[in-house]
Amino acid sequence: MEEDQELERKTSGLKTSMAEDERKTALEMAQAVGTDRHLEFCGYTETHPSESKINLCIQTRGTLPAVESIRRGLKELRNICQPMLDRFEASIKDYKNQRVSRNEFTF
């Protein structure tokens, strides 16, 4: 078991499925992973429309494991999305505070 996990960490190619995933997330994920300079190939395919999963294929150059490339891509995606989420939540809070100060009904 540990040997399999160690081999997976060292593998330069990786094919995996992401279940319960929206189709739009696949493109964002592939683009975020695709920014890694150690990447040789990154692509995804959508399975049958009745299934809610995508297949992600990654091939890296040199000694960088494909799993590490996914980790970097996920961090990059989080770095992009987190500021937008923070601004959105701050705007909702400001809106609610304005309504309270005007004695309007808040949701």
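Here the numbering used here is used: the first residue of the sequence shown is 1306, the next is one more, and so on.
Ideal Cβ positions, reconstructed from N, Cα and C, are used throughout, including at glycine.
Assuming residue i is part of the beta strand (DSSP E), what are its boundary residues?
i, result
"Gly1348", "Leu1344 to Glu1351"
"Leu1369", "Neither: Leu1369 is in no beta strand (DSSP E) and is coded neither H nor E."
Buried or exposed: where does residue i fall if 16 or more other Cβ atoms within 10 Å of its Cβ makes it buried?
i, result
"Ser1374", "buried"
"Gly1367", "exposed"
"Asp1399", "exposed"
"Asp1391", "exposed"
"Thr1365", "buried"
"Ile1359", "buried"
Can you tell me which of the three DSSP states residue i falls into?
i, result
"Leu1390", "helix"
"Asn1384", "helix"
"Arg1360", "Inspection of the sequence shows that residue 1360 is occupied by Asn rather than by Arg. In this structure, Asn1360 counts as strand in the three-state DSSP scheme."
"Thr1413", "In the structure as shown, the chain starts at 1306 and stops at 1412, and residue 1413 therefore has no counterpart that could be examined."
"Asn1402", "helix"
So, under 8 Å CB-CB, residue i and residue j are touching, yes? Tell me the CB distance rounded to an integer number of Å.
i, j, result
"Met1334", "Leu1369", "Wrong, their Cβ atoms sit about 18 Å apart, outside the cutoff."
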